[in-house]
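Have a look at the structure below before the remarks.
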Amino acid sequence: MADNLLQGLQAAANATSQAGALQYFEQLKNSPDGWKLCGDALIRNLYSDESVKFFCFQILEHHIKTRHVSSNLVDQQALREILLTWLRNQCCTESDNKNFLKNKAAQVFSLIFVCDYPEKWPLFFSDLLQCLQYGALAVDMYLRILKAIDEEVVDRDVIRSQQEAERNTKIKDHIRDTCVTELVDSWFQILKTYENSVSSITCLCLDIIGAYIEWIDIGLIANDRFISTFLRYMSVEVLRESACDCIHEIIMKGMEPLAKKELVESLLSVLEKSSILEPQEDEDADFMAKLAKLMSASGSQLLNSYTKLQKAGETEGAAKCLQSAEEKLQYLFRFLDHEDDDVSQNVSGFGYSYLAVLKQITNPSEQRKANLRGMLHVVIKKMKYDESYNFEREGEDEVMFMEYRKEMKILFDNIAQLDPDLVLVSVHNILNSTFGELDEAKFMDVEIAVRALYILGEAMSTQQLYSDASKFAALQQMMSLLVTSGVSYYRHSAVAQMFFETVVRYDRFFSSQSQHIPTVLIAFLDERGLRNPNCTVRSRCCYLFSRFIKSHRANMFNYAHDVLKRLQALLVINPDNGYQNLLSADDQLFLYESAGILIVASGAVPEKQLLYMQNLLSPIIGKFDSVVTKMASEFDETTSAAYAQHLYHLVAYASRASKAFTNQQALKDSGCASCFTEALPIFLRALTIPVHRDTIHSGVRQYLHRMIVCLGDGVLPFIPVAVTHLLKDCSARDIQEFIPLINQIIARFKHHIGPFLGEVFMGIVNCIFTVLGKPVDEKDEQAAKEKETLRRSYFLFIAAVVTNDVTVVLTSQSPQDIHQVLMTLIQGGVEYPDPVAQKISFNILRKLVELWGGSNGLNGFGEFIYKNIVPATFVVPMKPTFDMNDAQTILALQEIALTKKTIFQKQGGEVIDFLQNKYLPTLNLAPLLIQEYTNALQHADMKTFKSYLKAFFSNLRT
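For the sequence shown, full-length UniProt numbering begins at 1 and goes up steadily by one.
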């Protein structure tokens, strides 16, 4: 072998050497005899460097995967001898190799095994077993090879082809018929030989038994000699986790229900007698987690057997299985309640299974109700925060706890579904006991009490909580207790946030007991909520406060003035207000929306509402104006970017304040319209700023969207200047974000906007196609995606013009420009393999045929129908990119069918004559097929014609 090139395999090799080694690797892979060279190097131990040995095994792996099956018998036998010789040599003469090399060798053995066993290498296992005499290294390799075979042949997580599945079944059948007893005996001998000397081999052997038990006769393992050995290992610290896993796999083996019950009971009986299921308090958590997993499997398998027998009508056997499972619930509760969450989590599957079974039992006994109470008590306890939880910097432990808590909540939800009254009473008792000693209570106890009340709203249906009088009465008592207890003053961020989350969740409580609303409003507004020392609580409260205000706007009449006054300091936008660092700009968006709603909800006369709104918006408008002026003379990039962001947020505040008004009439009635109208020219002034256009334009567009809704016709005078600036020097993204705005303008104002739209229409079209015409790198997927999206947006723009009765915009263009636009619609269907664009294009063409087709239609449009639209309806479905199995493509085909029918309705017999005598013959269609098609077009109903068209084009394409 080329020693100089192999130097590149070393970790310290430079890039040139590594490239040389990689090239040599490819050369050996492609060489017919490269594998022989590598095999010789392995069996003669020419290289001590394990990277070189790994390299050689990779060459052998490639050969087995690509050439071994088709190679001659001599070469096949030679490769088998190479592997066996290497196995003997490395076990007899070498020191222990690194695990990565042994695992690669085992993988190579497994690959040749699936190729050659049993026909070409029937003695594979005999040859392996003979190597066991060479000692621990040989045994270790033997077990690794068995593990690799399991991964190649049995592992259910690997997706296999039908051919591979059949091959694997054949291999397993042959092993069961011929040598499984020898394999099992070898495992027992390995356990006996190494249990006191090499724990790693003993554990690996237990893993192998656990893996193979799935498909071999369980009687070979579930017998006295093995089970007694496993149980003995359960008391040996270095072996017990592997032994526990092995017993777990035995329990999980597929069996008949009653046989499974006997197996589980016998295994657990022995474990109970040996006190293994009664561990010491300071027992190792990893082992406890394994025991919990074992117990979860035991309980779940017993319950699974119950379900199977119950379905089969074998009630007596089913009852025994359920009784057996319920006798194990003591272990469920013990492990579920364990202080280590991993232990608790590992047994939760038993809990899910038990609750699922209880759902099938109509009249649960008192004992089963007691079981539910016991589980609920543990679940609520385990959802508590630990004292060590780091709220300031949440790391991996905190993330894992939150995931664990979700699992506990699933148990809580299921218990609530089974016995809602139990959960209501339990949560009420927790609230009473915790709030009764609030001063002495630890934060985690207070938090879980409030959280339990909060998650009731998810665990129980709205129908249960609010329609059932007794349950709603219980909820009202608990919510009254929450609001009046003083828990909102508890000084911990987790408790504070949970309080506000809960009062917002149960808005119906405040609708029925509105006397509690001011108490909650004050809590939101002071140091408990929006002014809380904790930034997370403050931020969340901004959102929750806006939800609370929205939910109870009808009850804000008496409080709006005072709340607005208290909000004032938080809404001031000057940097020196003292609150600048309390709330982020995004947080303040919610407060401006809340303020707008409060102004409307105040019920004040229009003049007073206008004054409130002026107080809210005037600082925004004044600040905006001054920042625009500053930007004109600002040359520092960082400062300029900060100014642009500030402008965006200022205009966003005004937009959010307008959310209080759902339509033009609402704003008019409030008397506040002049505030928003006065802001428009000032905000539009920012569109002239040449830098950071994306940021500034985004904010102004947002405001225009809102004003079209709120001001209605009042925004019309500002549209021309806005559109002109927004379209100037625009990028693909600019024009793409502009189109929804112009579409909204067209839909809202229709013919009112027609004259102006007629003037700018071709400007918009040309702007779009200038952007689309710019070359992009073929490899730039993002740019290609942006073009596709922009193209769709263009068609949506034309669709808005056509569907909103402003086609005068099109007809007012020059004939040349109309033709250009029409051709873009044809191109949208024909040239681009985008079914969404195709569907929109044909939808527009169909509507234009309805408007301009027929004898009294637009001059020259009939010619366009025959020359372009009709051919397009045939060309597009014939394209290889038109995938008839794609849902979006089928929608495009249906639109094509509608277009064809519409053309026939408008053009009548003329189009039939055109199809029969001029167009369809050019497609080389048989006369009978042409007749069949035109008959379907004339006489089939729409549903039938759509189905016919799909079959028609499918047949043509084949």
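Just so you know, even glycine gets a beta-carbon here, dropped at the ideal spot from N, CA and C.
Where Lys-565 and Tyr-612 are concerned, what is the direct C-alpha to C-alpha distance, given to the nearest angstrom?
-> 10 angstroms
Which residues bound the alpha helix (DSSP H) around Asp-207?
-> 199-212
Taking the alpha carbon of His-492 as the point to measure from, which residue in Glu-327, Arg-538, Met-479 and Lys-774 has its own alpha carbon closest?
-> Arg-538
Which runs of the alpha helix (DSSP H), 4 residues or longer, sit entirely within the UniProt domain "Exportin-1/Importin-beta-like" (99-247)?
-> 99-116, 124-130, 136-153, 162-178, 180-194, 199-212 and 224-233
Taking the alpha helix (DSSP H) that Thr-85 falls in, what are its first and last residues?
-> 73-92
Is it buried or exposed for Thr-824, if we count other Cβ within 10 angstroms and need 16 for buried?
-> buried
Taking the continuous alpha helix (DSSP H) assigned at Ser-48, which residues delimit it?
-> Premise fails: Ser-48 is in no alpha helix (DSSP H) and is neither H nor E.
Mind checking His-68: buried by the 16 CB within 10 Å criterion, or exposed?
-> buried
Can Asn-558 and Ile-517 be called in contact, C-beta distance under 7 angstroms?
-> no
Under 7 angstroms, do residue 965 and Ser-546 count as touching if we go by C-beta distance?
-> Residue 965 is absent from the model: the chain starts at 1 and stops at 958.
Buried or exposed by the 16-neighbour rule on C-beta atoms within 10 Å, applied to Glu-407 = buried
With hydrogens ignored, establish whether the beta-carbon of Asp-33 is closer than 6 angstroms to any heavy atom of the ligand MG.
-> Of ligands this structure carries none, so the ligand MG is not represented either.
Once you ignore the five residues that flank Ala-297 on each side, which residues in its own chain have a CB closer than 6 angstroms to its CB?
-> His-248, Ile-251 and Met-252
Tell me where the alpha helix (DSSP H) around Pro-921 begins and ends.
-> Premise fails: Pro-921 is in no alpha helix (DSSP H) and is neither H nor E.
Over what stretch of residues does the alpha helix (DSSP H) that includes Val-495 continue unbroken?
-> 493-505
Among Gln-345, Phe-864 and Glu-214, which one has its Cα closest to the Cα of Leu-822?
-> Phe-864
Please report how far the alpha carbon of Gln-894 lies from the alpha carbon of Phe-953, in whole angstroms.
-> 12 angstroms
Distance between Asp-587 and Arg-393 (C-alpha atoms, nearest Å) | 21 angstroms
Give the C-beta separation of Arg-508 and Gly-457 to the nearest angstrom, bearing in mind that I take them to be a contact with Cβ-Cβ under 8 angstroms.
-> Actually they do not touch by this definition, with Cβ atoms about 10 angstroms apart.
DSSP state of Val-691, grouped into three classes?
-> coil
Below 7 angstroms between beta carbons: does that hold for Ser-235 and Leu-206?
-> no
Inter-residue Cα distance where the pair is Leu-647 and Ala-523 | 32 angstroms
Is the beta carbon of Glu-759 sitting closer than 7 angstroms to the one on Arg-656?
-> no
Give, in chain order, every unbroken run of the alpha helix (DSSP H) that is at least 4 residues long and sits entirely within the stretch 561-628.
-> 585-601
Pairwise C-alpha distance: Lys-104 and Arg-144 | 10 angstroms
Got a sec, what are the start and stop residues for the alpha helix (DSSP H) Gly-374 sits in?
-> 366-382
May I ask which residues mark the beginning and end of the alpha helix (DSSP H) holding Thr-807?
-> Counting along the chain, Thr-807 falls outside any alpha helix (DSSP H), and DSSP gives it neither H nor E.
Using the C-alpha atoms, what's the distance from Cys-38 back to Ala-138?
-> 22 angstroms
Which of the three DSSP states, helix, strand or coil, is assigned to Asp-337?
-> coil
Let me know if Met-402 comes out buried or exposed under the rule of 16 or more other beta-carbons within 10 Å of its beta-carbon.
-> exposed
To the nearest angstrom, report how far apart Arg-167 and Asp-116 are at their CA atoms.
-> 11 angstroms
For Glu-778, is the classification buried or exposed, using 16 other Cβ atoms within 10 angstroms of its Cβ as the cut-off for buried?
-> exposed
Which residues mark the beginning and the end of the alpha helix (DSSP H) in which Asn-532 is found?
-> Neither: Asn-532 is in no alpha helix (DSSP H) and is coded neither H nor E.
Less than 7 angstroms separating the beta-carbons of Phe-54 and Leu-101?
-> yes
Taking the alpha-carbon positions, what's the Tyr-331 to Arg-176 distance?
-> 37 angstroms
Which two residues bound the contiguous alpha helix (DSSP H) that contains His-646?
-> 637-657
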